[in-house]
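Numbering (this note's numbering), first residue to last: 3 to 162.
Built from N, CA and C at the ideal position, the CB exists for glycine as well.
The structure appears right after this line, and notes come after that.
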């Protein structure tokens, strides 16, 4: 049932991702229930920060902030006690994921899937700094999922 829900959400995200309209990311609790929907604008010049917390999954998110004038964005989110920073988005090949307060030997994984749910990249040996090489995948939109200690967060990643 959880797989059906995730695949359905990915297909809906694929339909929404066809245009350059704002996007949404979703956070889920340990039972697979959606606990949060986050608005993420892709083509903005000035973003505002918003914070929300959930006691079940202990997740706090903020909207994206612009990194430079070429519309690359840096996404930040809190999962438990770890701050996750994902940049640049859109990317031309390498996507960097920084995790502050990461405990060496902590459990977690990083997935990148296409909009049909096929796994493009999977990393179970995560560190405080992770670089994903997406240069071999075709240009388009992908879903990045990070799970740390049973809390997870998803982002829509653009590959140019």
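| Query | Result |
| --- | --- |
| For residue 106, the three-state DSSP class (helix, strand or coil) | coil |
| For residue 10, three-class secondary structure by DSSP | helix |
| DSSP state of residue 189 mapped onto helix, strand, coil | Only positions 3 to 162 of the chain appear in the structure, and residue 189 is not among them; the question remains open. |
| Residues that residue 160 bridges to, as DSSP identifies them | 143 |
| Check whether residue 148 and residue 93 have beta carbons under 8 Å apart | no |
| Endpoints, the beta strand (DSSP E) within which residue 127 is located | No beta strand (DSSP E) holds residue 127; DSSP gives it neither H nor E. |
| Any non-hydrogen atom of the ligand GTP within 7 Å of residue 40 CB | Ligands displayed in this structure: none; no statement on the ligand GTP is therefore possible. |
| Residue range of the beta strand (DSSP E) that includes residue 94 | Residue 94 -> no beta strand (DSSP E), and no H or E assigned at all. |
| Touch test, the region 90-104 against the region 125-136, Cβ-Cβ under 8 Å, three pairs minimum | yes |
| Separation of residue 114 from residue 143, as counted between CA atoms | 10 Å |
| Inter-residue Cα distance where the pair is residue 123 and residue 13 | 18 Å |
| Local Cβ density within 10 Å of residue 110, reported as buried at 16 or more and exposed below that | buried |
| Buried/exposed call for residue 45, threshold 16 Cβ in 10 Å | Confidence is the limiting factor: at residue 45 the pLDDT is only 39, short of 50, which leaves the residue's position unreliable, though a coordinate-based value still follows. Under this definition residue 45 is an exposed residue. |
| Buried or exposed by the 16-neighbour rule on C-beta atoms within 10 Å, applied to residue 154 | buried |
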